[in-house]
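The block underneath contains the structure these notes are about, expressed in structure tokens.
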Amino acid sequence: MQLRYGKNLRASRFSLFSKIMDKNQIFKSGYVSIIGAPNVGKSTLLNTILGQKLAIVTPKPQTTRNQIRGIVTTDAHQIIFVDTPGLMNPKYRLQSEMVKTAYGALGDADVVLFVIDVARPDPDIEDRILRRLKRVNATVILVLNKVDLVAKPTLLPMFEDYSQRYAFAHIIPISALTSDGVPRLLEQIETHLPLGPRYFPEDQLSDLPERFFIAETVREKIMLMTQREIPYASAVIVEEFESRQTKKADEIIYIRAIVYAERQTQKQIIIGKGGKLIKRVGELARIDIEKFLDTRVFLEIYVTVKADWRKDPRKLKELGGFADI
Ligand SMILES: Nc1nc2c(ncn2[C@@H]2O[C@H](COP(=O)(O)OP(=O)(O)OP(=O)(O)O)[C@@H](O)[C@H]2O)c(=O)[nH]1
Ligand SMILES: [Mg+2]
Numbered sequence: 010m011q012l013r014y015g016k017n018l019r020a021s022r023f024s025l026f027s028k029i030m031d032k033n034q035i036f037k038s039g040y041v042s043i044i045g046a047p048n049v050g051k052s053t054l055l056n057t058i059l060g061q062k063l064a065i066v067t068p069k070p071q072t073t074r075n076q077i078r079g080i081v082t083t084d085a086h087q088i089i090f091v092d093t094p095g096l097m098n099p100k101y102r103l104q105s106e107m108v109k110t111a112y113g114a115l116g117d118a119d120v121v122l123f124v125i126d127v128a129r130p131d132p133d134i135e136d137r138i139l140r141r142l143k144r145v146n147a148t149v150i151l152v153l154n155k156v157d158l159v160a161k162p163t164l165l166p167m168f169e170d171y172s173q174r175y176a177f178a179h180i181i182p183i184s185a186l187t188s189d190g191v192p193r194l195l196e197q198i199e200t201h202l203p204l205g206p207r208y209f210p211e212d213q214l215s216d217l218p219e220r221f222f223i224a225e226t227v228r229e230k231i232m233l234m235t236q237r238e239i240p241y242a243s244a245v246i247v248e249e250f251e252s253r254q255t256k257k258a259d260e261i262i263y264i265r266a267i268v269y270a271e272r273q274t275q276k277q278i279i280i281g282k283g284g285k286l287i288k289r290v291g292e293l294a295r296i297d298i299e300k301f302l303d304t305r306v307f308l309e310i311y312v313t314v315k316a317d318w319r320k321d322p323r324k325l326k327e328l329g330g331f332a333d334i
């Protein structure tokens with residue numbers, strides 16, 4: 010059974026948008042793509058803007074693999090924010106699909122947020138992205154993220170340096186983690202939105218199905234609890250997602266998720282001694298999924314091997330969620 014939008018897939022009433030709109034004001038709408046190198050805080054920024062966790066976040070680079078769309082609707086506008094995979098120099102097929110997916114978000118964008126980690130800038134990848142941005146019609150805003158990690162004076166030369174490298178519409182320092190500077194960023198985004206209709210119902214948070222977010226939650230826990238190659242060699246698919254009644258006639262959602270590893274040795278590590286690791290993954294994922302769906306959940310996780318799925322286009326289509334390989 011495919012549930013439509015459960016309670017927590019509805020947009021929260023929380024809003025970092027500060028302006029109070031007058032009723033006669035014209036409606037604006039548009040797409041805002043969030044791009045940048047891996048680990049700069051793109052998904053954290055999406056979650057902060059939405060006021061709830063939609064995209065998974067880990068301290069490891071290359072966490073996000075797909076476009077994650079989150080919708081914010083107010084009386085005056087509707088904005089579809091698009092979080093994307095971190096841009097890097099791809100070394101295998103999954104990575105090249107991730108890069109293609111990220112650049113694919115530039116086509117529809119009205120505004121592009123190019124996010125930098127001020128504590129760890131990466132001039133090579135930034136230059137590559139900037140060359141690409143020169144061919145884009147959208148308004149490009151440079152977002153200097155993680156300002157909570159550096160002393161203020163270190164930011165000044167950055168304004169100078171980046172404005173010489175590209176004609177950004179704005180350069181805005183923020184901390185996606187503390188939301189410092191985020192309201193100002195949103196104000197600037199609003200000014201660049203075109204007039205447009207409301208594309209989605211006002212309480213809709215995403216156009217992606219619940220199954221996707223459930224699989225992502227399990228993948229987040231695996232990424233957090235495993236090391237070396239395993240976080241990158243794991244994929245998760247939700248095979249079954251069904252509402253059942255308990256003996257007391259309460260509703261419980263039964264979920265069966267399959268974790269795919271590339272090798273038998275990786276599968277063993279993910280399962281852990283006596284099933285300890287996968288049990289812990291299941292416990293942590295269940296807590297988050299229950300919060301997300303706002304209902305009780307019975308989560309079963311199986312681990313299996315699909316050899317070299319990251320290199321095989323057919324397997325990638327199935328496990329990576331890339332529609333047009
Ligand atoms: N101190 C600090 N840490 C942050 C901030 N924003 C994000 N982080 C941390 O940076 C790490 C990466 O954050 P993500 O949001 O997953 O980064 P991402 O750009 O989506 O990464 P990929 O999906 O791998 O491309 C996490 O540990 C976050 O908690 C910030 O403003 N300040
Ligand atoms: Mg991310």
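Position in the sequence shown counted from 1, then plus 9, gives you my numbering.
Beta carbons: idealized from backbone N, C-alpha and C, even for Gly.
Computed from a predicted model, the values in this text were never measured in an experiment.
- Judged by pairs of C-beta atoms under 8 Å, the stretch 272-289 touches the stretch 222-238, as three or more such pairs exist.
- Apart from the 5 residues on each side of it in sequence, F23 sits with its Cβ closer than 6 Å to the Cβ of G60 in its chain, given in chain order.
- Look at T313 here: in three-state DSSP terms it is strand.
- Apart from sequence neighbours up to five positions away, the residues of its chain that approach P99 with a beta-carbon distance below 6 Å are S105, V108, ordered along the chain.
- Your pair L302 and K230 does not check out as a contact, with CB atoms roughly 16 Å apart and the cut at 8 Å.
- Annotation: the continuous alpha helix (DSSP H) that includes F301 extends over 285-302.
- In this structure, DSSP gives I280 a helical state, which the three-state scheme calls helix.
- No heavy atom of ligand 1 is found nearer than 7 Å to the CB of D317.
- S42 and L142 do not touch by the CB rule: their CB atoms are close to 11 Å apart, not below 8 Å.
- Annotation: E299 to V149 spans about 37 Å, alpha carbon to alpha carbon.
- I89 is the residue among V124, I89, K155, P94 whose C-alpha sits nearest the C-alpha of R207.
- In this structure, L214 and G79 form a Cβ contact; the two beta carbons are roughly 6 Å apart against a cut-off of 8 Å.
- Here T73 is buried. Its C-beta has 16 or more other C-beta atoms within 10 Å.
- Nearest to Y101 by C-alpha distance, out of L328, W318, G330, is W318.
- When the alpha-carbon of V124 is set against those of I334, A46, T67, the nearest one is in A46.
- With respect to the 8 Å criterion, I267 and T226 are not classified as neighbours on the basis of their beta carbons.
- Going by DSSP, V227 is part of the alpha helix (DSSP H) stretching over 219-234.
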